[in-house]
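Every number in this note's numbering is 617 more than the matching position in the sequence shown, counting from 1.
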Amino acid sequence: MSYPSYPPSGYPPFPGYPPAGQESSFPPPGQYPYPSGFPPMGGGAYPPAPSGGYPGAGGYPAPGGYPAPGGYPGAPQPGGAPSYPGGQGFGAPPGGAGFSGYPQPPSQSYGGGPAQVPLPGGFPGGQVPSQYPGGPSPYPGQPAAMTQGTQGTIYPAANFDAMRDAEILRKAMKGFGTDEQAIVDVVANRSNDQRQKIKAAFKTMYGKDLIKDLKSELSGNMEELILALFMPPTYYDAWSLRNAMKGAGTQERVLIEILCTRTNQEIQEIVRCYQSEFGRDLEKDIRADTSGHFERLLVSMCQGNRDENQTVNYQMAQEDAQRLYQAGEGKLGTDESCFNMVLATRSFPQLNATMEAYARMANRDLLASVGSEFSGYIESGLKTILKCAQNRPAFFAERLYHAMKGAGTDDSTLVRIVVTRSEIDLVQIKQMFTQMYQKTLGTAIAGDTSGDYRKLLLAIVGQ
């Protein structure tokens, strides 16, 4: 069932938010169901936010051994703040808090399975070195302390009062000028679920749409950041995918970043939300905007059917390593379907074990092999999956680094990652950023942004 004011042809641009005659109010405080079946029936409630008490992260690997920044495909050129959809405040508030943390693979050394397996290409089984040629893996592995849990920089505020916060925001926007600091103080210190309740309380109290009021007071990157913070997480992912494919051109790296890193449940909810909010089929849009092996990989990803069993089968890891070697390095040409099958179906812990087995067997890092066998967006997609298997926070740290590296800033990527990871693993992302680039994420953001936009970003990352 499509959502009112989201026509199948796409969403109307601002201004005119919400469309005339559709300014329906939210239910009274304390009752926040989704209208029009969002999430659609069968989607289930959002899982509860992770509670406090995460173990401290430590024991991170020493810096070094990381590939030169130039080796990573450049981020897309910033194209300014995208147009935002119209409607009733980006859907209605979810029934629970944002996404729970992704399961992290246990820290395990390679073991089990056959002691020696005949190696393709003539590598003698007894001669395989125990580490990558030339030193450690070029991509940081998962620190042991990180496998116990992940932690966001934003968590639900204690003694939360949606009506009080709505009043603060109303006063900050009333009259001449806008008190941006008051807006920053509220928005950066509330969970996404609490922001949805503030949005509902604002409409109940003042008969006005908070998002429309914020849009009238803000502009540019600050506006984009604030609106992203007020979108429910599933809606924001679905909206980002839609925005990446609408109009001329396709932002392939956005498709990769979202579809190759989310859990099965998240992907399935994104697919349903994409249909209900925009009246479109995500898989059909992917097929229309991409092609070849890259298209097949993304179609595999949007099924949300990856094995999520956290137990590692080392015999399978050894067999998959051989299979991948024979599909790539060990033959003339590349059997792309074999890489797609293994990387799209195996759990992340299983893929991590396969990478270790491959390095021992082939005397070469699997990431390097993918780099030599593939190119373009299919290479980026396959590498994203492998990097998430090794160390998901390191992958996002790398994406943030390249969003700010060099002349100009890819603000949309910066906003998207900071917002989507703020309640999941931004603490670990910050730690990996420091280890990989010898400076803090806050320092990098402060050097690349300015004004209230910088203040709000730094408040979210906890600087």
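C-beta: ideal position from N, C-alpha, C; glycine also.
Which listed residue (the options) has its alpha carbon closest to that of residue i
i            : options                  : result
residue 821  : 782, 790, 837 and 1034   : 782
residue 827  : 934, 862 and 813         : 813
residue 832  : 1078, 983, 790 and 988   : 790
residue 851  : 973, 890, 843 and 840    : 890
residue 846  : 1066, 1004, 1067 and 771 : 771
residue 967  : 929, 941 and 957         : 929
residue 1013 : 1053, 836 and 986        : 1053
residue 757  : 1020, 1064 and 1015      : 1015
residue 1003 : 788, 1079 and 941        : 941
residue 1035 : 784, 786 and 843         : 843
residue 933  : 971, 883, 952 and 955    : 971
residue 1033 : 806, 838 and 830         : 838
Contact under 7 Å by Cβ, residue i with residue j
i            : j            : result
residue 766  : residue 1040 : no
residue 916  : residue 937  : no
residue 964  : residue 926  : yes
residue 797  : residue 1069 : yes
residue 808  : residue 849  : no
residue 978  : residue 906  : no
residue 1059 : residue 1075 : yes
residue 947  : residue 986  : no
residue 885  : residue 909  : no
residue 873  : residue 997  : yes
residue 900  : residue 919  : yes
residue 974  : residue 935  : yes
residue 1011 : residue 969  : no
residue 1063 : residue 1021 : no
residue 895  : residue 859  : yes
residue 881  : residue 923  : yes
residue 803  : residue 785  : yes
Residue burial classification, residue i (beta-carbon count within 10 angstroms, cutoff 16)
i            : result
residue 818  : buried
residue 1072 : buried
residue 811  : buried
residue 961  : buried
residue 864  : exposed
residue 1001 : buried
residue 1077 : buried
residue 704  : Low per-residue confidence applies at residue 704: pLDDT is 43, beneath 50, and the placement is therefore not dependable, though the value from the model is reported in the following sentence. Looking at its Cβ environment, which holds 16 or more other Cβ atoms inside 10 Å, residue 704 is buried.
residue 893  : buried
residue 1024 : exposed
residue 577  : Here the chain has residues from 618 to 1080 only, and residue 577 is not among them.
residue 835  : buried
residue 957  : buried
residue 983  : buried
residue 868  : buried
residue 949  : exposed
residue 687  : Confidence in residue 687 is poor, its pLDDT being 42 and thus under 50, which makes the residue's placement unreliable; the coordinate value appears in the next sentence. Under this definition residue 687 is an exposed residue.
residue 776  : exposed
residue 939  : buried
residue 816  : buried
Secondary structure, alpha helix (DSSP H): runs of 4+ residues fully inside the segment 861-907: 869-876, 881-895 and 899-906
Decide if the segment 975-992 is in contact with the segment 1011-1029; the criterion is three or more beta carbon pairs, one per stretch, under 8 Å apart. no
I'd like the ranges of any alpha helix (DSSP H) spanning at least 4 consecutive residues and lying wholly in the segment 808-844. Counting only runs of 4 or more, we get 809-823 and 827-834.
Tell me whether the segment 1048-1056 and the segment 852-861 touch, counting them as touching only if at least three CB pairs, one residue from each stretch, are closer than 8 Å. no
What runs of the beta strand (DSSP E), each 3 residues or longer, lie entirely inside the segment 932-998? none
Threshold first: 4 residues or longer. Then list the alpha helix (DSSP H) segments lying entirely within the segment 773-799, N to C. Here the runs fully enclosed are 779-790.
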